[in-house]
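Below is one structure, written out as structure tokens; comments come after it.
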Amino acid sequence: MTLRRPWTWLALAGISGGGALRHAWPSWPTLIPACTIRRFTGLHCPGCGGTRCALKLLDGDVAGALAMNAAVTLIALVFSGVIAAGVWQEWKGGSGRVFPSWLAWSLTGFVVAFGLVRNLPWWPFTLLVPQ
Numbered sequence: 019m020t021l022r023r024p025w026t027w028l029a030l031a032g033i034s035g036g037g038a039l040r041h042a043w044p045s046w047p048t049l050i051p052a053c054t055i056r057r058f059t060g061l062h063c064p065g066c067g068g069t070r071c072a073l074k075l076l077d078g079d080v081a082g083a084l085a086m087n088a089a090v091t092l093i094a095l096v097f098s099g100v101i102a103a104g105v106w107q108e109w110k111g112g113s114g115r116v117f118p119s120w121l122a123w124s125l126t127g128f129v130v131a132f133g134l135v136r137n138l139p140w141w142p143f144t145l146l147v148p149q
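The opening position of the sequence shown corresponds to residue 19 in the working numbering, with each subsequent residue numbered one higher.
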């Protein structure tokens, strides 16, 4: 079998490696520095809480991941679907684009809007700040 989309298998290997690292060395998150943008500007960037969110997802705690960073959680779910579709197409021998350009533009707009909305100081938006 010739691999037409090696990135799908590389993505699966990366996810598996992250899970293995989390299981083998549970204290490694203490080595990750704080967000530089938050430290210098006082604003929450779209990625603030993303590392803690990824760790919660690796632990299987989706509710905790949503509390850390809702955008990273939703994007991780979208990319999981894209990876699954790529592996399925690779397995079945299909061709075509797995990640269409409209999805890339939609995700980009979502990240920009999320970065703006999570810094609004009113009640429903303060729920988007990392806990």
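C-beta: ideal position from N, C-alpha, C; glycine also.
Quick one: residues in its chain with C-beta nearer than 7 Å to the C-beta of Leu136, no 5 flanking neighbours on either side, listed in chain order?
Correcting the residue identity first, residue 136 is Arg in this sequence and not Leu. The beta carbon of Arg136 sits closer than 7 Å to the beta carbons of His62, Phe143, Leu146, Val147 from its chain, once the five residues preceding and following it are set aside; these are given in chain order.
Any 3 or more C-beta pairs closer than 8 Å across the region 24 to 44 and the region 94 to 108
yes
Applying the criterion that 16 or more other CB atoms from any shown protein chain within 10 Å of the CB defines a buried residue, is Ala38 buried or exposed?
It counts as exposed.
Let me know if Phe58 comes out buried or exposed under the rule of 16 or more other beta-carbons within 10 Å of its beta-carbon.
Exposed: under 16 other Cβ atoms inside 10 Å.
On the three-state DSSP scale, how would you describe Cys71?
helix
Expressed to the nearest angstrom, what Euclidean distance is found between the alpha-carbon atoms of Leu84 and Ile55?
Leu84 and Ile55: Cα-Cα distance of roughly 21 Å.
Give me the residue from Asp79, Gly78, Asp77, Val90 with the minimum Cα distance to Val130.
Val90
When the distance is taken between beta carbons, is Val116 closer than 8 Å to Gln107?
yes
Boundaries of the alpha helix (DSSP H) in which Thr126 is found, first to last residue:
119 to 135
Simplified DSSP state of Val116, which is helix, strand or coil:
coil
Quick one, which of Asn87, Gly133, Arg70 has its alpha-carbon nearest Arg40's?
Arg70
With C-beta atoms as the reference, is Pro64 less than 8 Å away from Gly127?
no
What does a CB cutoff of less than 6 Å around Ile50 pick up in its chain, not counting 5 residues either side in sequence?
Thr69
Residue from Pro118, Ala42, Ser124, Trp120 with nearest C-alpha to Asp77:
Ala42
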